[in-house]
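Q: I have a structure I would like to understand better, so I am pasting it below and will then ask my questions one at a time.
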Amino acid sequence: MYSMGLFPLITRPTRITSHCATLLDNIFTNIIEGNIKSGLLINDISDHLPVFASYNCHYKVNSDGHKIIYKRIRTEKTLNCLRNELLKQDWNIVYEQTEVNKAYEGFLRTFNTLLDKNCPVIEINRKHNYAGRPWMTKGLQNASKKKNTLYREFIKKRTIETERKYKTYKNKLTNIMRSCKREYFIKRLEHNKDNTRDIWNVLNSIIKNESRNNDYPGYFIEGTRSINNMEEIVNGFNEFFVNIGPKLAEEIKVDGIERDTGENIERNSSSMFLRAVEEKEIYDIVRGLKNKTSTDWNDIDMVTVKTVIDGIVKPLKYIFNLSFQKGVFPQKMKVAKVIPIYKTGERHHFTNYRPVSILSQFSKILEKLFIKRFDSFVEKYELLTDSQYGFRSNRSTALALIDLMEKITECMDNKRYALGIFLDLKKAFDTVNHEILLKKLEKYGFRGVVLEWFKSYVGNRQQYVQINEYKSNLMDIACGVPQGSVLGPKMFIMYLNDICRVSEILKFVIFADDTNILCSGVELPQVLEMITQELTILKKWFDINKLSLNLDKTKFMLFGKQKKNIKIEICVDNVYLERVNEIKFLGVIIDHKLCWKPHITYVRGKMARGIAVLGKAKHMLDQKALHILYCALLLPYMSYCVEVWGNTYKGNTQTITIIQKRAIRLINNVGYRDHTNALFVKMQAIKFKDLVEFKTAQIMYKVRNKLLPKEICKLFIEREGGYNLRGKWNLKIQSARTTLRTMSLSIAGVKLWNSLTEEIKESKNVSQFKVKYKKQILNKYKNEENGVNPGR
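Per the working numbering, the sequence shown starts with residue 20, numbered consecutively.
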C-alpha cells in the first residue's frame, strides 16, 4: 500500500476482546495535506468497531435538513379545555342572526378563535432520533445509554468481569426491546383492525417493506411546458380538476331538437317537507361519524368536533334549522380542500392524479340530517328504481350480482341467448348538469324550500388544492355533484334514475354509475338487432343528460358454454364494442360460462399474498395479532360476494380451502398436515365451504322475512298453504334443466334453507340467526374431531 502512495489512517485495534486486540479494519488515503480526522467509534453494533475518516471536500450542505412543520396541539387536555370554554360561551352572536350565512360565519369565527386559543399551532422539528423505532420508550433509551457506557468500560479495561457485566446487561436489554417492539405492533394492529390501509402500514413496518411514497415530483408537465414552481403546480392541479366535468360536457353533441330531460319521469304529486332538527339527532349523527383526523379548510377535524359537540350542539341546531327554513346551505360549508393522490402512470402529469376532497366537518352533519328526511321521502313514494343498488340502505353489491346472475342462468336454462353490456361512464359524478338535476328533482317532489335548498347546495361551490403548505387559489365548480360529500351520491342516483324507463326490453342492474344491461332472446340475430337499437336510444339519453358514455371502454359478453366461437359484432355511433369472455363487475370477475374460475384464481392470488405476509409476520406477532391479519388480509377476499360465486363445483374452490387451512395452521404454529377442525373451533372461524353456506343462509333468512328488495324476493316462491305445520317456513324448490341453474341462489339457497332446523329458521333477527347457525357449524367440527373419521 505504501508503494502505491497510500497511507493508513487507523492505528488502533478494531477488534477487541478480553484476551486479544487486533487491527483488522482500515482506511487508506493518498491525501497527505489537509485536516483529516479519523478514528474509531466506540459502539457495539458488531464485534468490530466502526472506523471513520472525515475531511473537507467542499460539498455544500443542505441547510433544510431539519425541516420545521406546524401542528395543532390536539391532546385530551387541550380538547377538554376547548370543550369547557365552548360550554360557557354566549352564542347570542349566532341566535341574533336571521340569515343563515351570517349565523354560520359568526359561529365559525367564535369556534376558530377558541380553537386557536386552546389548541394552538406550534412549530415541530421533523427530526426525531427514534422516529423509526416508536417502541423505544424513555426507559429503553436510558438503558441503551447505560449499555454503551458498559461497553466503553469493557473496551477500556478489557477484563473478563467487565465483559461479563456488559454482555449480561446487553442480552437482557435485547430481550426487553424485542418484547416491547412485539407488544407495540400487536397494540397497533388491535387498534387498527377495522382499517385495512392502517394494517398495511403496520405490516410494512414489520416486514421491512418501504411504504408507498406519497411525495410529489419536483416538476410537472403541462402540454409542452415544464412547471417547477409549487404555487403554479397547485394552481395547475386545481384548474385541471375543476375543468374535467365542463370539458367532457362540451364534447357531448346533441341534435338540434329540444328535448325534455325528465320526459321519462312520472311527476310525483306529493312534495317533501323538512321537519325541524332536534339536539338528539345531532348527537346521534356525530356519534356515528368516523374518527377521522383529516382537517378541512378551517383546520377542523372530526375527532375535535366529536369531543366538543356538547358545547356547540345548541348553536348548530339553530343554524341547521335556519338552513332548512330558509332553503339556504351555508356558503362557508361549500369550500372543499382537495388533495391530489397519485394513481398510476407518469408522476409528472396532472392526469395521473385523482382528487380527494375534504369538506367542512359541519357540512357533513347538516347533510346527514337532510339525508334522513330525503331517504324517508324517497322510500315512502318508491321514487328509486328497483334496479339501482348503489348508496341505498339494505342493498349491496352482492344483491346486485344475485339479480344479474339469476336472470342470466334462467336464460341459459331456457336455451335463450343472454347478452350483457357493461357500460363505462367517463367521470360520471363530475359531469352532472345542475340545471337538469334540479328539473328532475322537482318532478320527483322536491319543490319549494327543499328545491331552493338543493339549488343552494350545488351552486356557488369552490375548491382549492393543497400540497404540504402550498395552497392554490379558490376556483368555482361549474358542474358535478360534490366529491367527498355524503349527499352527492344520493343526488347522482336520482339523476340517473330514469334511465330504466328508456327501454322496456332491457334488464338493468345498476350500482351508482356501474351499469349493466342484459338482453335476451331465442334467436341471436334478433338479440343483436334489439341490443343495437336500444343502445342507440340509450346513447341519446346519455347525451341529452350530459353524461359521457365511453364506447371505447364499454364491453359486451355473450353468456353460454358454447358461445365463445360465435362471431358477433355490435356497433353504436360508428364504434364497434369490444367483446370479452371475462370482466370485473362490482369487484367480481364474471366469465361467459359462469364457472367462476377467473375470479377464484384472482381470490387465490390475493390469499397467497396474505399467506406470505403471515409467514413474515409470525416471528414478530402473537396468535391474536395473526388472527387479526387473517381477518383483514384473507377473510375479506374469501367472503366478498361468496354467496354469488361460491356455489360452484367443489373442484373449482378446492384450492381456496387448501390455502385457508394453511393459514389456520400457520397462525396456530402447528404441523403442515395437522387436523384443522379443533383449530377452527379455537379461532371461532369457519371453513370456506361452510362460509359459502353461512352467507347464503343469511340471504335466505332475509328473503323469507321480506327484508330484501322486491327484485330479489320475487325470485323465490313460498310454499302453498298456510297451515301451521312442520316445514311452514320452507320455500318451494323450482325445477331446473341445467346443473348451472341448480347452483343459483334461487335453487341451491332454497335447498339449504329448507334443510335448516326450525329453531334456526325462527330466529327473531339476523344477528340471532347468525349466532345460532355459526354455533351449529362449530358443533359439527367438534363432533367430526371426536368422531371416527375427523377429516382434515
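Built from N, CA and C at the ideal position, the CB exists for glycine as well.
Compare the beta carbon distance of K353 and K426 with 7 Å and say whether it is the shorter of the two.
A: No; because the gap between Cβ atoms is not below 7 Å, this pair is not in contact.
Q: By the three-class DSSP mapping on this structure, what secondary structure does K791 have?
A: It is helical.
Q: Quick check: the Cα distance between K751 and N724, rounded to an integer number of angstroms?
A: Cα-Cα distance, rounded: 15 Å.
Q: Could you tell me whether the stretch 303-314 touches the stretch 341-352, where touching means 3 or more Cβ pairs closer than 8 Å?
A: No, because fewer than three Cβ pairs between the stretch 303-314 and the stretch 341-352 fall closer than 8 Å, the two stretches do not touch.
Q: Under a Cβ-count criterion, where at least 16 other Cβ atoms within 10 Å of its own Cβ denotes burial, should T672 be classed as buried or exposed?
A: Classification for T672: buried.
Q: Among K783, D562, K90, K175, which one has its Cα closest to the Cα of T9?
A: Any property of residue 9 remains undetermined from this structure, which presents the chain solely from 20 to 811.
Q: Measuring alpha carbon to alpha carbon, tell me which residue in S224, C430, T404 is nearest A755.
A: Minimum Cα distance to A755 is reached at C430.
Q: Assign H368 to one of three DSSP states: helix, strand, or coil.
A: It is a strand residue.
Q: Which residues mark the beginning and the end of the beta strand (DSSP E) in which M576 is found?
A: From DSSP, the beta strand (DSSP E) with M576 extends over 574-578.
Q: Where in the stretch 186-259 do unbroken runs of the alpha helix (DSSP H), each at least 4 residues long, occur, reported from the N-terminal end onward?
A: If we require 4 residues or more, the alpha helix (DSSP H) runs fully inside the stretch 186-259 come out as 215-225.
Q: What is the residue span of the beta strand (DSSP E) that M494 lies within?
A: Element bounds for M494: 494-496.
Q: Can you tell me whether L60 is buried or exposed, with buried defined as 16 or more other CB within 10 angstroms of its CB?
A: L60 comes out exposed.
Q: Just the C-alpha distance for L654 and Y114, rounded to the nearest angstrom, thanks.
A: The alpha-carbon atoms of L654 and Y114 are separated by roughly 52 Å.
Q: So for A704, helix, strand or coil by DSSP?
A: In this structure, A704 counts as coil in the three-state DSSP scheme.
Q: Can you tell me whether Y483 is helix, strand or coil according to DSSP?
A: Three-state DSSP puts Y483 in a strand.
Q: Return the chain-ordered ranges of every alpha helix (DSSP H) run that is complete within the stretch 410-465 and spans a minimum of 4 residues.
A: Fully enclosed alpha helix (DSSP H) runs of 4 or longer: 416-432, 453-463.
Q: Within its chain, find whatever has a CB closer than 8 Å to the CB of K860; leave out the 5 residues flanking it on each side and keep chain order.
A: A query on residue 860 cannot be resolved here, the shown segment of the chain reaching from 20 to 811 and no further.
Q: Give every residue of the same chain whose Cβ lies closer than 8 Å to the Cβ of H368, excluding the five residues on either side of it in the sequence, and list them in chain order.
A: Here the set comprises F239, I240.
Q: Quick one: is F389 buried, meaning 16 or more other Cβ sit within 10 Å of its Cβ, or exposed?
A: It counts as buried.
Q: Tell me whether R598 sits in a helix, a strand or coil according to DSSP, three-state version.
A: If DSSP states are grouped into helix, strand and coil, R598 belongs with the strands.
Q: Less than 6 Å between C-beta atoms, sequence neighbours within five positions excluded: which residues of the same chain meet that for S73?
A: Counting only Cβ-Cβ distances below 6 Å, and skipping sequence neighbours, we find K56.
Q: Our contact map puts R93 next to C138 with C-beta atoms below 8 Å; I'd like the distance itself, whole angstroms only.
A: Right, their Cβ atoms sit about 6 Å apart.
Q: Hey, which unbroken runs of the alpha helix (DSSP H) at 4 residues or more fall wholly within the stretch 86-163?
A: As far as the stretch 86-163 is concerned, its whole alpha helix (DSSP H) runs of at least 4 residues are 95-107, 111-114, 119-137.
Q: Thinking C-alpha only, which one of I608, M576, I563 is nearest E269?
A: When each option's Cα is compared against that of E269, the closest is I563.
Q: Taking the alpha-carbon positions, what's the R628 to N211 distance?
A: Their Cα atoms are separated by approximately 20 Å.
Q: In three-state DSSP terms, what is T168?
A: Three-state result, T168: helix.
Q: Have a look at the DSSP bridge pairing and note the partners of F527.
A: Paired residues: I536.
Q: Ends of the beta strand (DSSP E) at G58?
A: Element bounds for G58: 56-59.
Q: DSSP state of L570, grouped into three classes?
A: The answer is coil: DSSP assigns L570 none of H, G, I, E or B.
Q: Which word fits P153, buried or exposed, when buried means at least 16 other C-beta atoms lie within 10 angstroms of its C-beta?
A: Burial call: exposed.
Q: For C590, which three-state DSSP category applies?
A: C590 falls in the strand class under three-state DSSP.
Q: Return yes when the Cβ of L293 is within less than 7 Å of the Cβ of R414, no when it is not.
A: No, they are not a contact pair.
Q: Where do the N-terminal and C-terminal ends of the beta strand (DSSP E) with I609 fall, by residue?
A: Where I609 is concerned, the enclosing beta strand (DSSP E) stretches over 607-610.
Q: How many angstroms separate the CA atom of A417 from the CA atom of L613?
A: Those two C-alpha atoms are separated by around 15 Å.
Q: Classify Y514 as helix, strand or coil using the three-state DSSP reduction.
A: It is helical.
Q: In this structure, does DSSP put L750 in helix, strand or coil?
A: Three-state DSSP puts L750 in a strand.
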